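A short worksheet on the structure shown next.
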Amino acid sequence: MLSENVAREMVQCGMNFELTEEQRMLREMVRELAEREIAPHAAAADKDQEFPLRQFRALASNDLLGIPFPEQYGGMGGSYLDYVLALEEVCRACASTGVTMSVQISLASAPLSRFGTPEQKQRFLVPLCRGEKIGAYSLSEANSGTDAAALVCQARREGDSYVMNGTKLWVTNGFYADTYIVYTTGDPGLRHKGITALIVEKGTPGFTFGKKEDKLGIRGSATYELIFQNCRVPVENRLGGEGEGFKIAMWTLDGGRIGIAAQAIGIAQAALDACVQYVKQRETFGKPLAEHQAIQFYLADMNTDIEAARLLCWRAAALKSAGEDHTRIAAIAKLFASEVAMQVTNKAVQIHGGYGFTKEFPVERLMRDAKITEIYEGTSEALRMVIARAELAVR
Ligand code: CAA
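If you count by our numbering, then the sequence shown holds residues 17 to 411, one letter each, in order.
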């Protein structure tokens, strides 16, 4: 694994685009696992909207759900770069399984690891790293998506508890998750300064599930509404201090965006792989598509864009591994990679022609799956705000 020191050296001493032998082995191991145990179920998970529980368990039994966390908490002791290498391979096989994994690691376990008390880590992080439990992150609401500080789900302090009332939306891993990091407010008028993060366990009285979203893509992943009605959560389940929730949410999304960049790259790579196979078989005008220059140019552009996106993603992951500021580069990596995923999957459908528009080939699913990478964990517009603000602060 890439240790923190090596990652720091990579960032400080210049460029090193080579993966270590261990990282190549990790990537190879995950690729084989994903091709064997995940890819064969991707089309059915999409068609039937079936949560990829079996695939999640395969990841857990190979210790892949704790990659970037310390061994003392059930993790692998690896780096964030190790994690994105693995995540790209999982997403190349099935984007629904990939987002389940990325929410578990980037959005639930990562803030517990960074902000949790030793007791919270033992109680909540260890079973997440081991894959014995599933995690979720709940920030968005009906009237607060990009404007995250506008959330109104209330948590009123009463003695040793918080009493929660409100509804959250678009919660990935919802219903199936055991451990939810829920962002609440003591006073909506305070906007970001009033936000507090609470760890809420499935089964807590007053915590129920509303509608399940019927989505365009990543249809195997579960996206649920959460409903809190006088739901009492003990104060010891508060993650960080009162009013510190917004910064925890933003810190978490900085890391999450690197994961979504990896997801976008995995989807794009899968589309390119499908095209390479198709153009060698399909003939037009007396020769394989692969021998037409128009098709070759498409493939070259797809390949170029994917490689560029991957380098951005790796750089963002290396900076995070080294403990360096990565807010801007994570936003850049996700913005670029998600737009590449849309362009590449669109071209992949075009290359397949009429066949690409049918469910006989995987590219239409990949195009539908790619779209969400431009929306969740920061729309492309929100990311442009983050990047521009960082840029303007520098100059
Ligand atoms: N890390 C730590 N702190 C941060 C931060 C970061 N990356 N970004 C901002 N902050 C801090 C600021 O320093 C500021 O602190 P002070 O009060 O001490 O100055 C505070 O947070 C407020 O910052 P802003 O003024 O920039 O806040 P804003 O209201 O203008 O928000 C925004 C800006 C960038 C648009 C932000 O709201 C945002 O990122 N929105 C997108 C939300 C998002 O990505 N949602 C995805 C939902 S989750 C999801 O999709 C999950 C899933 O299931 C897959």
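Note that the Cβ used here is the ideal one computed from N, Cα and C, for glycine as well. Keep in mind the model is a prediction, meaning the values are calculated, not measured.
Quick one: residues in its chain with C-beta nearer than 6 Å to the C-beta of residue i, no 5 flanking neighbours on either side, listed in chain order?
i	result
Gln-28	Its pLDDT being 49, under 50, Gln-28 is placed unreliably by the model, and the measurement read from it follows with that caveat. Cβ within range, chain order: n/a, list empty.
Ala-386	Ile-283, Ala-357, Met-358, Thr-361
Ile-150	Asn-189, Tyr-192, Ala-193, Asp-194
Phe-352	Ala-325, Leu-328
Glu-87	Gly-93
Phe-67	Tyr-192, Ala-238
Ala-164	Leu-155
Thr-113	Ile-54, Pro-68, Gln-71, Val-106
From the DSSP output, which residues share a beta bridge with residue i?
i	result
Pro-250	Ser-177
Ile-197	Tyr-153, Ile-215
Pro-221	Bridge partners of Pro-221: none, in fact.
Gly-182	Phe-244
Val-106	For Val-106, which the question treats as bridged, DSSP gives no partner whatsoever.
Ala-171	Met-180
Thr-239	Thr-188
Glu-299	Pro-304
Leu-255	Ala-213
Excluding the five sequence neighbours on either side, which residues of its own chain have a C-beta within less than 7 Å of the C-beta of residue i, listed in chain order?
i	result
His-368	Tyr-294, Phe-377, Val-379
Lys-296	Pro-304, Ala-306
Glu-217	Asp-194, Thr-195
Gln-279	Leu-103, Cys-107, Ala-111, Gly-114, Val-115, Ser-118, Thr-389
Val-365	Gly-372, Phe-373, Val-379, Glu-380, Met-383
So is the beta-carbon of residue i under 8 Å away from any non-hydrogen atom of the ligand CAA?
i	result
Thr-320	no
Ala-280	no
Ala-349	no
Thr-133	no
Val-187	yes
Phe-72	no
Glu-258	no
Val-216	no
Tyr-96	no
Phe-244	no
Gly-272	yes
Lys-209	yes
Tyr-196	no
Lys-227	no
Tyr-153	yes
Leu-255	no
Glu-241	no
Ile-148	The residue asked about is misnamed: residue 148 is Glu in this sequence, not Ile. Not under cutoff, so the answer is no.
Ser-112	no
Phe-67	no
Tyr-192	no
Arg-405	yes
Thr-224	no
Leu-128	no
Gly-394	yes
So, with DSSP's three-state summary, where would you put residue i?
i	result
Ile-274	helix
Pro-304	strand
Cys-29	Only weak support is given to the placement of Cys-29: the predicted model assigns it a pLDDT of 44, under 50, and the value that follows is read from those uncertain coordinates. Of the three classes helix, strand and coil, the one that applies to Cys-29 here is coil, per DSSP.
Gly-226	strand
Tyr-294	helix
Val-46	helix
Glu-34	coil
Ser-160	strand
Glu-135	helix
Leu-232	coil
Asp-203	coil
Met-358	helix
Asn-342	A quick correction: the sequence has His, not Asn, at residue 342. Correct three-state label for His-342: coil.
Asn-319	helix
Met-401	helix
Phe-140	helix
Glu-51	helix
Phe-262	helix
Thr-374	coil
Met-41	helix
Met-383	helix
Excluding five sequence neighbours on each side, which residues of the same chain lie with their C-beta closer than 8 Å to the C-beta of residue i?
i	result
Ile-274	Tyr-96, Val-100, Ser-122, Cys-329, Ala-332, Ala-333, Lys-336, His-342, Ala-346, Ala-349, Lys-350
Val-251	Arg-173, Asp-176, Ser-177, Tyr-178
Val-168	Glu-157, Asn-159, Ser-160, Gly-182, Thr-201, Pro-204
Phe-220	The question names Phe, but residue 220 in the sequence shown is Thr. Taken in chain order, the residues that qualify are Cys-247, Arg-248, Val-249.
Ile-311	Val-295, Leu-305, Ile-367
Gly-222	Met-180, Phe-244, Gln-245, Asn-246, Cys-247, Arg-248
Glu-299	Leu-305
Arg-381	Ala-58, Ala-59, Asp-62, Gly-233, Lys-375
Arg-73	Gly-147
Arg-344	Val-402, Ile-403, Ala-406, Glu-407
Gly-259	Gly-202, Leu-206, Lys-209, Gly-210, Ile-211, Thr-212
Is residue i a contact residue of the ligand MG, with contact defined as CB to any heavy atom under 8 Å?
i	result
Ala-165	The model on display carries the ligand CAA but not the ligand MG.
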